[in-house]
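Asks:
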Amino acid sequence: MKKVGVIPNINKDKDLEVTKSVVKWLLEHSSEPYLNEIVASKMGYDEYGRKSTDIYGKCDFIIALGGDGTILNVARLCAPFDTPIFAVNLGHLGFLTEVDVNEVFVSLDKIYKGEYTVEKRMMLEANVVKNDMEIINFRALNDIVITRGAFSRMARINAYVNNNYVDTYLADGVIIATPTGSTAYSLSAGGPIVYPTVEVIIITPICPHTLYSRSIIVSPDDVIRLEISEENQDLMITTDGQQGYKLDYRDIIYIKKSNEYTNLIKVKNTNFFDLLRDKLTER
11 MKKVGVIPNI NKDKDLEVTK SVVKWLLEHS SEPYLNEIVA SKMGYDEYGR KSTDIYGKCD
71 FIIALGGDGT ILNVARLCAP FDTPIFAVNL GHLGFLTEVD VNEVFVSLDK IYKGEYTVEK
131 RMMLEANVVK NDMEIINFRA LNDIVITRGA FSRMARINAY VNNNYVDTYL ADGVIIATPT
191 GSTAYSLSAG GPIVYPTVEV IIITPICPHT LYSRSIIVSP DDVIRLEISE ENQDLMITTD
251 GQQGYKLDYR DIIYIKKSNE YTNLIKVKNT NFFDLLRDKL TER
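Each residue of the sequence shown is one higher than the one before, counting from 11 in the numbering used here.
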């Protein structure tokens with residue numbers, strides 16, 4: 011019997027009809043669905059309600075129903091357990107999702123027949139240090155971003171790679187992205203598109219106040235250090251656009267490749283360039 015976690019975005023599947031149909035399919039195929047306790051109660055499936063650590067740590071794989079935001083959240087929770095994710099698109103752009111909702115059951119049938127691959131995606135790890143003490147750490151599949159508040163002045167951030175001084179960015183902020191995140195915020199800020207399974211780290215300043223500040227690509231073995239070098243800056247560090255922490259003067263942020271990966275289940279032969287044309291070409 012397979013144990014399968016089902017994680018819906020309740021803002022996209024408001025009546026939980028898609029979730030109910032997926033759970034019904036799993037039960038008909040002798041599988042045990044693992045649901046968030048609140049979602050299970052809403053659906054009348056209290057017996058399948060589980061704690062978060064059980065869903066992400068004990069399941070054979072996770073079905074994530076939503077858009078890229080849903081996948082990014084699930085990815086951070088799955089990563090410590092190495093649990094694969096099957097991503098179903100209920101949103102619009104869907105760079106990370108594998109199939110649209112109308113393909114879900116055909117695709118699940120392929121997974122149960124073993125007709126799939128697992129693609130490993132590099133993640134980032136960030137540690138915030140204040141007065142020589144680690145305060146908080148983050149994981150990210152897309153990006154770690156330091157950005158200014160709505161009414162603050164331009165940020166001044168010192169950047170180093172392996173203790174080698176790179177530049178002092180006078181900008182709206184700095185994006186440190188994975189190849190997966192190269193098609194997200196970094197792309198909007200003028201960063202390069204990188205094939206998602208290549209392992210590099212991308213440094214992209216946001217609206218830099220210079221003529222020469224451009225994206226820099228460094229090795230996955232490099233450690234990036236960012237220093238908040240000026241007082242009275244209203245700055246935040248955010249992870250995949252979902253988690254945040256307010257930064258202060260002289261805070262230091264260390265960013266490096268994580269030891270953990272996101273594992274995405276692939277059932278289609280669509281390549282990355284087909285996806286780019288489909289998602290980024292105006293219709």
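Cβ coordinates follow ideal geometry from the N, Cα and C atoms, glycine included.
Select from 173, 147 and 196 the residue whose C-alpha is nearest the C-alpha of residue 247.
Replies: 147
Asks: Are the beta-carbon atoms belonging to residue 122 and residue 219 less than 8 Å from one another?
Replies: In this structure, residue 219 does not lie closer than 8 Å to residue 122 by Cβ.
Asks: Comparing alpha-carbon positions, which option in 154, 68 and 128 lies nearest residue 97?
Replies: 128
Asks: Among 64, 235, 205 and 32, which one has its Cα closest to the Cα of residue 114?
Replies: 32
Asks: Check this for me: beta carbons of residue 15 and residue 55, under 8 Å apart or not?
Replies: No, the Cβ-Cβ distance between residue 15 and residue 55 is not below 8 Å.
Asks: Going along the chain, which unbroken runs of the beta strand (DSSP E) with 3 or more residues stay wholly within the segment 186-272?
Replies: 211-216, 226-228, 234-238, 245-249 and 253-257
Asks: Report the three-state DSSP secondary structure of residue 282 (helix, strand or coil).
Replies: Residue 282: helix per DSSP, three-state reduction.
Asks: Just mark residue 280 as buried or exposed, buried being the case when its beta carbon has 16 or more other beta carbons within 10 Å.
Replies: By the neighbour-count criterion, in which a residue is buried when 16 or more other Cβ atoms sit within 10 angstroms of its Cβ, residue 280 is exposed.
Asks: For a cutoff of 8 Å on Cβ pairs, would you count residue 212 as touching chain C?
Replies: No chain C is present in this structure, which holds just one protein chain.
Asks: In the DSSP output, which residue or residues are listed as bridge partners for residue 111?
Replies: Its beta-bridge partners do not exist; DSSP assigns none.
Asks: Tell me the residue span of the alpha helix (DSSP H) that contains residue 64.
Replies: 62-68
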